[in-house]
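Asker:
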Amino acid sequence: MPGFAREHLRPLAGSAGLHLLLVAAMAVATLRWTSPPPPMQLAIEGVVVDSRSLPDSLRAGRPKPQPAPEPRPEPEPAAPTPAPEPPPEPVKAPEHEVKASERAAEQAASQAKAEAQKTAEAQQKKQAEADAQRKAKAEEAERRKVADADAKRKQQDEAQAAQDAKVKADREADLKRRLAAEAADEEGAAAMARSGAVDEYRTLLSQAIERSWIRPPSAKAGLECTLHVSQAPGGTVVDVKLGACNGDQSVRESIVNAVYRASPLPAPRDPRAFERRLEIVFRPTE
77 MPGFAREHLR
87 PLAGSAGLHL
97 LLVAAMAVAT
107 LRWTSPPPPM
117 QLAIEGVVVD
127 SRSLPDSLRA
137 GRPKPQPAPE
147 PRPEPEPAAP
157 TPAPEPPPEP
167 VKAPEHEVKA
177 SERAAEQAAS
187 QAKAEAQKTA
197 EAQQKKQAEA
207 DAQRKAKAEE
217 AERRKVADAD
227 AKRKQQDEAQ
237 AAQDAKVKAD
247 READLKRRLA
257 AEAADEEGAA
267 AMARSGAVDE
277 YRTLLSQAIE
287 RSWIRPPSAK
297 AGLECTLHVS
307 QAPGGTVVDV
317 KLGACNGDQS
327 VRESIVNAVY
337 RASPLPAPRD
347 PRAFERRLEI
357 VFRPTE
């Protein structure tokens with residue numbers, strides 16, 4: 077123990093002396109702050125004036141000198157308010173810590189910016205995908221609409237083509253039937269002509285008309301008139317038109333009237349020789 081004291085005596089004495097100095101400095105400062113300041117001495121200047129040097133007007137009415145009033149005791153000055161202690165200076169962080177904090181803030185700001193950019197890009201991508209889907213749906217709907225219209229138009233064209241083909245086929249078949257009938261009629265007419273049935277029938281009609289004819293006085297020899305007669309089945313005369321005729325008006329009218337009076341016209345011996353429209357050359361006998 078004595079060896080430890082001898083070794084540390086100087087450091088201990090120095091520390092104790094330093095503490096005593098600090099305590100004394102603090103006491104002096106306290107006394108200065110709490111002690112009132114000394115009163116201020118006011119200097120008064122005066123001038124001595126001899127009354128004899130004053131004018132008579134001033135000396136005659138000069139009042140008696142009064143004793144100077146005792147000076148009022150000046151009030152003791154109020155104790156000064158101790159000045160507020162200055163705020164403690166902020167503790168500055170070490171430079172390496174400041175730089176590390178700045179780098180961390182920069183990194184955080186950069187990361188936040190990257191995240192915001194990433195979010196914006198994701199939203200733009202999502203919006204672009206949604207727009208692309210809407211566009212694809214609209215294009216698909218338009219393609220389907222066009223395809224349906226084309227299919228409907230094609231179906232209508234096919235139906236119209238089938239209808240036209242059917243109408244054409246029916247016309248061709250009807251034409252063939254008419255041609256065949258006409259050919260048969262021509263063949264039958266030719267056969268009847270060869271047999272003399274048609275000539276016989278026309279002669280029979282001409283004789284029936286002549287029997288019904290009332291000859292007018294103006295009728296001359298060599299009279300010849302062409303008649304176009306339409307008759308119904310059974311020989312009823314429907315219409316009579318006069319063609320070429322070398323008689324006058326009264327002769328013409330008499331021949332037309334004779335045809336109506338001969339109705340119903342006689343039937344042919346061969347029924348195939350019957351015709352609804354007849355052309356008869358009327359040549360009355362002399």
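In the working numbering, the protein residues as written are 77 to 362. We treat Cβ as the ideally placed atom computed from N, Cα and C, and that holds for glycine. Computed from a predicted model, the values in this text were never measured in an experiment.
What's the gap between the Cα of I356 and the Cα of L318?
Answerer: As a first step, residue 356 must be located in the sequence shown, where it is residue number 280. As a first step, residue 318 must be located in the sequence shown, where it is residue number 242. Approximately 10 Å, taken between the alpha carbons.
Asker: Taking the Cβ atom as the reference point for each residue, do K322 and L299 lie within a distance shorter than 8 Å?
Answerer: Against the sequence shown, residue 322 aligns to sequence position 246. Against the sequence shown, residue 299 aligns to sequence position 223. It is worth fixing the name first, because residue 322 is Asn in this sequence and not Lys. Contact: yes.
Asker: DSSP three-state label for E355, please.
Answerer: As a first step, residue 355 must be located in the sequence shown, where it is residue number 279. In the structure shown, E355 sits in a strand (DSSP, three-state: E or B).
Asker: Which of the three DSSP states, helix, strand or coil, is assigned to S294?
Answerer: As a position in the sequence shown, residue 294 is number 218, starting the count at 1. Note: S294 maps to coil in three-state DSSP.
Asker: Suppose you measure from the CA of A295 to the CA of R328; what does that come to, to the nearest Å?
Answerer: Mapped onto the sequence shown, residue 295 falls at position 219. Mapped onto the sequence shown, residue 328 falls at position 252. Distance between the alpha carbons of A295 and R328: 10 Å.
Asker: V314 and L341 look like a contact to me (Cβ under 8 Å); what is the Cβ gap, rounded to whole Å?
Answerer: Here residue 314 is taken as the residue at index 238 of the sequence shown, counted from 1. Here residue 341 is taken as the residue at index 265 of the sequence shown, counted from 1. That belief does not hold up - the Cβ atoms of V314 and L341 are roughly 11 Å apart, past 8 Å.
Asker: Beta strand (DSSP E) containing D315: first to last residue?
Answerer: In the sequence shown, the residue the question calls residue 315 occupies position 239. Residues 313-321.
Asker: Among Q199, V274, E286, Q183, which residue has its Cα nearest to the Cα of S339?
Answerer: The count along the sequence shown starts at 1 and reaches residue 339 at position 263. The shortest Cα separation from S339 among Q199, V274, E286, Q183 belongs to E286.
Asker: In its own chain, which residues sit with a C-beta less than 7 Å from the C-beta of K221, not counting the 5 before and 5 after it?
Answerer: Numbered from 1 along the sequence shown, position 145 holds the residue referred to as residue 221. Around K221: no qualifying Cβ.
Asker: Consult DSSP for S330 and reduce its assignment to one of helix, strand or coil.
Answerer: In the sequence shown, counting from the first residue as 1, residue 330 sits at position 254. Helix.
Asker: Under 8 Å between C-beta atoms, does I331 make it to chain B?
Answerer: Included in the structure is just one protein chain, with no chain B present.
Asker: Considering Cα atoms alone, identify which of A308, A349, L280, F358 is closest to T302.
Answerer: For the purposes of this step, residue 302 is taken as the residue at position 226 of the sequence shown. Ranking A308, A349, L280, F358 by Cα distance to T302 puts F358 first.
Asker: Mind checking I290: buried by the 16 CB within 10 Å criterion, or exposed?
Answerer: Start at 1 with the first residue of the sequence shown, and residue 290 comes out as number 214. It counts as exposed.
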